[in-house]
Amino acid sequence: MRGCRLCLEAGYDIRSAPVVSGPPGAEVMLIGQAPGRTEAETGNPFHGPSGRRLFRWLQTAGWEEEEFRRRHHFAAVTRCYPGPHPSGRGDRVPTRQEQALCRPYLDAEIGLVNPRLIITVGGLALRLFFPASRRLSDLVGLAFYFPPDALAPPAAYETARAQELVRFDPSLNREGRWLVPLPHPSGASLWHNDPHNQQRLQHALAIVAGIRRHCDL
Ligand code: SF4
Numbered sequence: 522m523r524g525c526r527l528c529l530e531a532g533y534d535i536r537s538a539p540v541v542s543g544p545p546g547a548e549v550m551l552i553g554q555a556p557g558r559t560e561a562e563t564g565n566p567f568h569g570p571s572g573r574r575l576f577r578w579l580q581t582a583g584w585e586e587e588e589f590r591r592r593h594h595f596a597a598v599t600r601c602y603p604g605p606h607p608s609g610r611g612d613r614v615p616t617r618q619e620q621a622l623c624r625p626y627l628d629a630e631i632g633l634v635n636p637r638l639i640i641t642v643g644g645l646a647l648r649l650f651f652p653a654s655r656r657l658s659d660l661v662g663l664a665f666y667f668p669p670d671a672l673a674p675p676a677a678y679e680t681a682r683a684q685e686l687v688r689f690d691p692s693l694n695r696e697g698r699w700l701v702p703l704p705h706p707s708g709a710s711l712w713h714n715d716p717h718n719q720q721r722l723q724h725a726l727a728i729v730a731g732i733r734r735h736c737d738l
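Counting from 522, one number per residue, gives the positions in the sequence shown under the working numbering.
Right, dumping it as structure tokens:
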């Protein structure tokens, strides 16, 4: 992945090399949208203002930033900085073609890292696992449990019957995988303005905290 230039060859004006971060043996994988300018410059995922907000959230679930970065894995829908949005506001959202070009890396990564918990961050990462008809507001605040036979190959997610839970159930703490969606922490997102969404976020973080404790992550 580090040497990949597929999107550039396909005509997209990506502005960095892939951002890759995480130790072998990580048990949590966080999947974001794509690196931003700061992440591209530092090679460090969630390094800018969005990252500060994300790590405040993760702190309420029990992880300090330094510990999370040292122990866990960061992935994204696409791995190179897509450049600024043509409007000048924020970053360009990677196209469907770029997402498709990068997907095999992510699938291989999930298979290699084999995390117990996947945290998706934002709507684009959510689309990796759920149909477009399921909106962020429908899914933030829920946990999904995939039984062990759904773990490999990662494409099995598309056919797996994930168990959908409104609260963490320790009786499911077996060998399967958990998935918890979070919204994107960007200050530009209007999603956070809705008080119901704030409640959904608090619920999601409580679920993450429960999984972290019970699975010792
Ligand atoms: S975004 Fe993914 S597929 Fe595109 S060049 Fe970067 S690593 Fe390759």
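Backbone N, C-alpha and C fix where the C-beta goes; we use that ideal spot for every residue, glycine too.
Exercise. Glutamate 548 to valine 661, Cα distance in whole Å?
Worked result: Here residue 548 is taken as the residue at index 27 of the sequence shown, counted from 1. Here residue 661 is taken as the residue at index 140 of the sequence shown, counted from 1. Straight-line Cα distance between these residues: approximately 21 Å.
- Message: Considering only heavy atoms of the ligand SF4, does any lie closer than 8 Å to the CB of isoleucine 535?
- Response: Counted from its first residue, the sequence shown places residue 535 at position 14. True, at least one ligand heavy atom lies under 8 Å from that Cβ.
Kindly indicate which residue of Glu562, Pro539, Trp584 and Ala561 has the alpha-carbon position closest to the one of valine 729. Here residue 729 is taken as the residue at index 208 of the sequence shown, counted from 1. When C-alpha distances from valine 729 are compared across Glu562, Pro539, Trp584 and Ala561, the shortest belongs to Trp584.
Do you know whose CA, among His735, Cys736 and Pro706, lies nearest leucine 722's CA?
-> Here residue 722 refers to the residue found at position 201 of the sequence shown. Of His735, Cys736 and Pro706, the residue nearest in Cα terms is Pro706.
Locate the beta strand (DSSP E) running through glycine 553, then write down its first and last residues.
As a first step, residue 553 is located in the sequence shown; it is residue number 32 there, counting from the start. Boundaries of the beta strand (DSSP E) around glycine 553: 549 to 553.
- Task: Put valine 729 into one of helix, strand or coil per three-state DSSP.
- Result: As a working note, residue 729 is residue 208 in the sequence shown. The three-state reading of DSSP puts valine 729 in helix, counting H, G and I together.
**Asked** Is the beta carbon of methionine 550 within less than 8 Å of some heavy atom of the ligand SF4?
**Response** On the sequence shown, position 29 is the one that residue 550 refers to. Not under cutoff, so the answer is no.
Mind checking aspartate 612: buried by the 16 CB within 10 Å criterion, or exposed? Reading the sequence shown from its first residue, position 91 is the one you call residue 612. So aspartate 612 ends up on the buried side.
Compute the minimum distance between the beta carbon of cysteine 528 and the heavy atoms of the ligand SF4, and state whether it is under 8 Å. As a working mapping, residue 528 is identified with position 7 in the sequence shown. The nearest non-hydrogen atom of the ligand SF4 is less than 8 Å from the C-beta of cysteine 528.
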